[in-house]
Amino acid sequence: MLYEIRYYQSQPGRREEWIRYMEDVVVPFQASKGITVVASFTDEQDEDGYVWIRRFEDEAQREAQSSAVYDSGRWKNEIGPVVHELLLPEKSVVTRAAPTPASPLQ
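Each residue of the sequence shown is one higher than the one before, starting from 107 at the first, in our numbering.
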């Protein structure tokens with residue numbers, strides 16, 4: 107199992123708008139391409155911070171499903187531009203994590 111932990115920074119004061127867009131558009135679209143979103147969180151220490159976690163079976167699946175999302179016309183023409191309007195892309199951090207043997211997230 108492979109996880110992506112993604113930390114995003116919304117434009118100042120726009121986190122609630124970002125969350126609505128994530129939950130109404132981004133997550134359903136990614137799910138339609140096979141991506142499993144495990145969880146999403148607001149950062150309690152940063153009023154514009156947002157964290158979400160995606161799960162993949164392995165790197166090959168991550169690459170294929172990510173390509174299906176980010177290479178699609180809908181992402182490039184519709185969803186991506188809104189994402190870039192709502193976020194500060196230069197502050198995004200994506201970490202890949204593999205569960206340890208005792209982790210319940212196997």
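Positions of the beta carbon are idealized from the N, C-alpha and C atoms, including for glycine.
- Nearest to R121 by C-alpha distance, out of V143, V157, E110, is V157.
- Under the three-state reduction of DSSP, I111 is assigned to strand.
- Where I141 is concerned, there is no enclosing beta strand (DSSP E), because DSSP gives it neither an H nor an E.
- Boundaries for W181: no beta strand (DSSP E) harbours it, and the DSSP string shows neither H nor E there.
- A buried status is given to Y114, since no fewer than 16 other beta-carbon atoms sit within 10 Å of its beta-carbon.
- I159 is bridged by DSSP to I111, A145.
- Sequence-distant Cβ neighbours of P205 in its own chain, meaning closer than 8 Å and more than five residues away, are M107, Y109, L211, Q212.
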